[in-house]
Every structure is written in structure tokens, then in C-alpha cells.
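In the order they appear, the protein sequences are chains A and B. Number 67 in the working numbering belongs to position 36 of the first sequence; there are no gaps in the numbering. Number 128 in the working numbering belongs to position 97 of the second sequence; there are no gaps in the numbering. Beta carbons: idealized from backbone N, C-alpha and C, even for Gly. Working notes, structure below.
Number of protein chains: 2
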Amino acid sequence: MDKQQILSKNQQIIFDLIDKSSEPLKAYTILFNVQKKGIKAPLQVYRALDKLVEMGKIHKIESRNAFIACHNSSCQVSKATAFSICEICEKVTEISSVSLSKYLTNFKDKDGMKYSKYNLEFFGLCKKCR
Amino acid sequence: MDKQQILSKNQQIIFDLIDKSSEPLKAYTILFNVQKKGIKAPLQVYRALDKLVEMGKIHKIESRNAFIACHNSSCQVSKATAFSICEICEKVTEISSVSLSKYLTNFKDKDGMKYSKYNLEFFGLCKKCR
DNA sequence: TTACATAATGTTATAATATAACAATAACTA
DNA sequence: TAGTTATTGTTATATTATAACATTATGTAA
């Protein structure tokens, strides 16, 4: 899907909130923050989140049940995601390493099988917390 | 922590169930299956799961909220996990590739930071579903 | 421009996943 | 054997996510 596509009203409201956030946002945190904009129900949030993930505009941090905006300009990595997560301050950074994505995209398991889609989460301490 | 350590009663019951399962098990599926053994409450299950994950006896498949037994004999990979997940039949296989774990353990981000812990989930179609 | 299809929205209810708080018991250790 | 830590039991509740159904908006092709 094309990242340049136009967002619907709810999608735009929720994307804007996630995009301007400095940290991953959880669904109910999002809900709380967009209630003044008329989005009242969890399902409205989850539906927008699903679509935004599909489009590659945001990513879900699976280990945290939280969402961050994609910071890779290139579309093709939306199915090949890697993040670093600080175990103290919970800061999450999207990793955009060409060599890493090449390595993982080309990785073959012992049956010779390749996987076009993956999600990688690194854990450790960020600069500040070390 | 040492994988050879003795498990407590609840830990053993829950580990045995996960270990003999051919697919990842969810917490409430586990609960249902161990009620006849006297484990009645979700918290009893979650506490055992937490400990088993800590010990490296089981792993959590984050994208599925489910748990599988570790099938790597070597302890040192309990903090460096990789799985393949079939998007049709949901079959999950733990990947034990020395080159992959070496690559990821030695991976440095653009700040030169290394991460000793990671979780990688590959998605695609398994042999049967292709 | 209208009919049809598809996407998005709104709403209520409920399912599924996970933890808080407190009390009691068992196992380890000095 | 006293003190400490790990484990268990129990009730209640918090958090995350989806089902089901009705409605409105948008895109598309005759």
C-alpha cells in the first residue's frame, strides 16, 4: 500500500497524535486523548490503528502493546521492522539499517525458507540510562 | 538462570502442558487445561509463566500472546529468540541458527550500541500452507 | 446522475489478556 | 530456629481487543 494515500478523518486524528508523540502510545491512552475530537469508543481507535499499521504509517511495538509512527521514509520496510527498546525508560527507537534489513530479508531457515516479513525488538539500556 | 533448576509444583504442571503441546498455548487455554490439577485462577498461571520465561524454559510469542517451550538445548539463547510464524495455520517454530544469533548479538546500531537481548518474529507461509 | 460497491463511522456490549492487593504456606539459609 | 525469600491461594479489578449491527460517506462504472 502507498504511504502517500489520504487518511480518513479518524485515521488522521489518531496518526497526528502518534506522530507528534515522543513515545509509543497505547490504544486507551490514544482514546483518552482524542475524546475531545469526537472519538468516543475503543473500536474507533482500534480500527484506525489497524488501517494505519496496514498502510505502514505506524508500527505496533508488540512487547509493549503500543504504537509509534514510522520513521523510515522508504515504504518497502513497513513489513520489515526493527526497534530498540530501553528497559528502564521505555524509550523506543526504530532502527533503519540497510545491512540489517538485507540480512533478515535474505535470511533462510534450515528448510531454505525465506520470510519477507519480520519484526525484531532489541532490548537494552539507552544512552541516558546506561 | 539455570535451566536445570527444579520447578515448583505449579511451574511443573504448566511447563509440562506447554512442553507437550504442538502449538503455542495462550494463558487462558492453559488455565482451562490445568483446572483439574487444582490451578484455579489466572494469576496462578501468569505467575508460573513469568518464572518459566525468566528461566528460559518457555518463550512468549509476543505477536500472538502465546507461549511455547524452548527447543534450544543451549541456555545462552534464552535472551536471544527467533521464531517463524505461519500466517495461515499459525504454526510457530523456534529458529536456532548460530549465524543469525551471532549476527544479531553482534549487531550495533548507528550509535554503536549493542543489545544482548532480542526477540525476532518472522512471518510467512509454512511448507504445508504454501 | 444514479445505482452499486466499498470504506469508514458510530454505538453498545462483551471477550480476552493481565495485574493489584492481601493473606497464608513452603523452602531456603545463616 | 529465626529470619528471609519464593511460592501459593484468593478475590477483585485493570487493561487490551473484538463481535455485531446500523448508518453514513466515498469511489466507480453504466
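- Chain B has a Cβ within less than 9 Å of the Cβ of E93/A.
- Rounded to whole angstroms, the gap between the alpha carbons of A113/B and L38/A is 34 Å.
- Within chain B, D140, M144 and Y146 have C-beta atoms less than 8 Å from the C-beta of S115/A, given in sequence order.
- Within the same chain, and ignoring the five residues on either side of I45/A in sequence, the residues whose Cβ sits closer than 8 Å to its Cβ are I61, V65, I70, V76, A79, L80 and L83.
- Chain A places a beta carbon closer than 9 Å to that of Y149/B, counting this residue as a contact.
- Neighbours of Y59/B in chain A, taken as residues at a C-beta separation under 8 Å, are lacking, since the least C-beta distance is about 17 Å.
- Beyond the five residues adjoining it in sequence on each side, A97/A comes within less than 7 Å, by CB distance, of P55, L56 and K57 in the same chain, given in chain order.
- Rounded to the nearest angstrom, the Cβ distance from D142/B to A100/B is 36 Å, too far for a contact under 8 Å.
- Within the model, the alpha-carbon separation for I89/A versus D47/B is close to 38 Å.
- V129/B is classed as exposed because its beta carbon has fewer than 16 other beta carbons within 10 Å across all chains shown.
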